[in-house]
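Enquirer: The structure's right below; bear with me while I get my questions together.
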Amino acid sequence: MKDTSQLRQKKMLADHFGRLARAEETGEKSVYTFVPGNLTELILSFDLLPVLPEINALQSGMRGKSREYIAVAERLGHSEDVCTYVKSDIGMMKSGNVGPTGERLPAPSLLLLSYTGCFTFLKWFELLKEEYHCPIVMLHVPYQGDGKITESMRSYVVEQLRRKVIPLMEEVSGRAYDEDRLKEALALSAKAEDDLVWVLESAKNRPSPIDAYFGAVYYIGPMFSAFRGTQGAVDYYQSLRSEIEQRVVERRGPLTPDGELENERYRVVVEGPPNWTSFREFWKMFADEGAVVVASTYTKVGGVYDTGFRHDPEHPLESLADYCMGCYTNLSLPQRVSMLARYVTDYRADGFLINSIKSCNSFSAGQLHILREVENRVGRPGGFIESDLVDPRYFSASNIKNRLESYFQMIEQKRSGGASA
Ligand code: SF4
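Per numbering that gives the first Met the number 0, the very first residue in the sequence shown carries number 0; after that it's consecutive.
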């Protein structure tokens, strides 16, 4: 039987995609935008509906559709090296734009490019711009090159919100900017963010009641997509939290594709997104070894909340700016190294693994350096595996399984004081 939180999330998604499917009849307008740096509260305050292309691409991967969509994009001339989220999205659009629930997605009324660290975001929206003849606006989010957010960076983003983004949203929606409404939404965001952080940090328990990578992909869903700033998200995270609180009390392990994990043998931290085309098979490779992911950087791509940031209704636009600048995709390499090292220590992990994504040039660059640096800092073994987001041609189950088995053996040897790799 499904948990209350799962049922809630399912219904939220069904309602949202239902509204999108009916948008052409009802006249509701949609905004295509990215997960990192999304301005969901602002979008919703104009009664616009968010559509997140990366979520559609990963869902296409999970539903076994991305292979054909990628083939469509490659036939149109998109090279093999292009990010497979982009090709899956373009292929989906060219094949009728049918979204994750099997219903058609509306064409966007606005393309809102929040630029947070990945150059592909720009190229992706250039392609969408050629396809859809709607207004486009770019929010340029300064990269955290020096590892901090300065007042001038913040005001640079706020100015763009005031002068470019909000006026265009007013024009597209036909509604005036309502700051009180935005503030109400931000207060709801902060509540849900508290509960999400509690859930992710529950993995500090032994045994961990959650898998903070595979399982947490579902937990971050509402927060990273169309629901931040809604009562629905607050209710979802409250029910999720109480379910996980119960698991902690009962000292139960996380749910896996084969049911509850009863014997936690290894605790690991993971860097990089999961593979979506063989998601369950990939997860099972960990679960079969008794390995639980206790923290991951992927669950921070749509916002880093475990260092204390919360959306702040008292400073609405400033806090949207800080949110955008603080997303994982916008962090410098030293910040990413520190985050991983902190996770390994705080979550008492046996080590950490990097899942390097073939087609994600933005984030795969520097991962070998990250591997060495984190190993040096924490003195615990790092492992390296390679796969792809949604291109099944780059998921080699036997290679990944072998590497994982050797990695867990290495941890075992270290524990027994034996030779290390
Ligand atoms: S961050 Fe990686 S996966 Fe995301 S759009 Fe950029 S290249 Fe693609």
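All C-beta atoms in this analysis are idealised placements derived from N, C-alpha and C, irrespective of residue type, glycine included. As the structure is a computational prediction, the values presented were derived from the model and not from experiment.
Would you tell me roughly how many angstroms separate the C-alpha atoms of GLN8 and TYR31, rounded to the nearest one?
Expert: Numbered from its first residue, the sequence shown carries residue 8 at position 9. Numbered from its first residue, the sequence shown carries residue 31 at position 32. Roughly 21 Å separates the two Cα atoms.
Enquirer: Based on the DSSP secondary-structure assignment, which residues constitute the bridge partners of HIS139?
Expert: In the sequence shown, the residue the question calls residue 139 occupies position 140. According to DSSP, HIS139 bridges with TYR114.
Enquirer: Output needed for SER277: all residues of its chain with C-beta closer than 6 Å, excluding positions within five of it in sequence on either side, in chain order.
Expert: Against the sequence shown, residue 277 aligns to sequence position 278. Within the same chain, SER277 has close Cβ partners PHE394.
Enquirer: Using CA coordinates, which residue listed in SER29, LYS299 and SER108 is at the minimum distance from VAL269?
Expert: One-based indexing of the sequence shown puts residue 269 at position 270. Answer by Cα proximity: LYS299.
Enquirer: Please confirm whether any heavy atom of ligand 1 lies closer than 7 Å to the CB of SER361.
Expert: Taking the sequence shown and counting its residues from 1, the one referred to as residue 361 is at position 362. SER361 Cβ: within cutoff of ligand 1.
Enquirer: Go through its chain and collect everything with a Cβ distance to GLY144's Cβ below 8 Å, but skip five positions before and after it.
Expert: Counting from 1 along the sequence shown, the entry for residue 144 is found at position 145. Around GLY144: SER331.
Enquirer: Beta-carbon separation of THR441 and VAL389 under 8 Å?
Expert: Since the first and last residues shown for the chain are 0 and 420, residue 441 lies out of range.
Enquirer: Mind checking whether the beta-carbon of THR255 lies closer than 7 Å to any heavy atom of ligand 1?
Expert: Start at 1 with the first residue of the sequence shown, and residue 255 comes out as number 256. Incorrect: THR255 has no Cβ contact closer than 7 Å to ligand 1.
Enquirer: Is MET168 near PHE33, with beta carbons less than 8 Å apart?
Expert: Position 169 of the sequence shown, counted from the first residue, corresponds to residue 168. Position 34 of the sequence shown, counted from the first residue, corresponds to residue 33. No; because the gap between Cβ atoms is not below 8 Å, this pair is not in contact.
Enquirer: For PRO166, which of helix, strand or coil comes out of DSSP?
Expert: On the sequence shown, residue 166 is found 167 positions in, with the first residue counted as 1. In this structure, PRO166 counts as helix in the three-state DSSP scheme.
Enquirer: Can you tell me whether DSSP reads GLY350 as helix, strand or coil?
Expert: Stepping through the sequence shown from its first residue, residue 350 is reached at position 351. In this structure, GLY350 counts as strand in the three-state DSSP scheme.
Enquirer: Would you report the Cα separation of MET137 and ARG392, rounded to the nearest angstrom?
Expert: Taking the first residue of the sequence shown as position 1, residue 137 is located at position 138. Taking the first residue of the sequence shown as position 1, residue 392 is located at position 393. Their Cα atoms are separated by approximately 33 Å.
Enquirer: Pull up the DSSP beta-bridge partners for GLY382, would you.
Expert: By 1-based counting over the sequence shown, the position of residue 382 is 383. Its beta-bridge partners are LEU352.
Enquirer: At the level of alpha carbons, what is the spacing between VAL233 and ALA13?
Expert: Looking up residue 233 in the sequence shown gives position 234. Looking up residue 13 in the sequence shown gives position 14. Their Cα atoms are separated by approximately 17 Å.
Enquirer: So, using beta-carbon positions, are PHE422 and TYR218 closer together than 8 Å?
Expert: Only positions 0 to 420 of the chain appear in the structure, and residue 422 is not among them; the question remains open.
Enquirer: Is DSSP giving ALA420 helix, strand or coil here?
Expert: Stepping through the sequence shown from its first residue, residue 420 is reached at position 421. Because the pLDDT of ALA420 is 38, which lies under 50, any placement of that residue in the model is unreliable, and the question is left without a value.
Enquirer: Just the C-alpha distance for ALA70 and ILE54, rounded to the nearest angstrom, thanks.
Expert: As a working mapping, residue 70 is identified with position 71 in the sequence shown. As a working mapping, residue 54 is identified with position 55 in the sequence shown. Taking the straight line joining both Cα atoms gives about 19 Å.
Enquirer: Would you give the residue range spanned by the alpha helix (DSSP H) that THR39 belongs to?
Expert: Counted from its first residue, the sequence shown places residue 39 at position 40. Start and end: 39–44.
Enquirer: Within its chain, find whatever has a CB closer than 6 Å to the CB of TYR304; leave out the 5 residues flanking it on each side and keep chain order.
Expert: The sequence position of residue 304 within the sequence shown is 305, counting from 1. Contacts found: GLU192 and VAL196.
Enquirer: Just tell me which of ASP88, LEU38, GLY146 and ARG279 has its CA closest to the CA of SER59.
Expert: Start at 1 with the first residue of the sequence shown, and residue 59 comes out as number 60. The shortest Cα separation from SER59 among ASP88, LEU38, GLY146 and ARG279 belongs to ASP88.
Enquirer: Within the chosen definition, does the stretch 280–288 reach the stretch 362–370 through at least 3 CB pairs nearer than 8 Å?
Expert: The answer is no - the stretch 362–370 does not touch the stretch 280–288, with fewer than three Cβ pairs under 8 Å.
Enquirer: If we count the other Cβ atoms within 10 Å of its Cβ and call it buried at 16 or more, is ASN329 buried or exposed?
Expert: Residue numbering aside, residue 329 sits at position 330 when the sequence shown is read from its first letter. Looking at its Cβ environment, which holds 16 or more other Cβ atoms inside 10 Å, ASN329 is buried.
Enquirer: Give the secondary structure of SER295 by DSSP, where H, G and I count as helix, E and B as strand, and everything else as coil.
Expert: Walking along the sequence shown from the start, residue 295 turns up at place 296. SER295: strand per DSSP, three-state reduction.
Enquirer: Tell me which residue opens and which closes the beta strand (DSSP E) that SER29 is part of.
Expert: Locating residue 29 in the sequence shown gives position 30, counting from the first residue. That run of the beta strand (DSSP E) goes 29–32.
Enquirer: Given this structure, state the Cα-to-Cα distance separating SER337 from PHE351, to the nearest angstrom.
Expert: Within the sequence shown, numbered from 1, the residue matching residue 337 stands at position 338. Within the sequence shown, numbered from 1, the residue matching residue 351 stands at position 352. Rounded to whole angstroms, SER337 to PHE351 spans 13 Å at the Cα level.
Enquirer: Nearest to SER295 by alpha carbon, out of ARG251, ILE353 and GLU317?
Expert: In the sequence shown, counting from the first residue as 1, residue 295 sits at position 296. Of the candidates ARG251, ILE353 and GLU317, the one whose C-alpha sits nearest the C-alpha of SER295 is ILE353.
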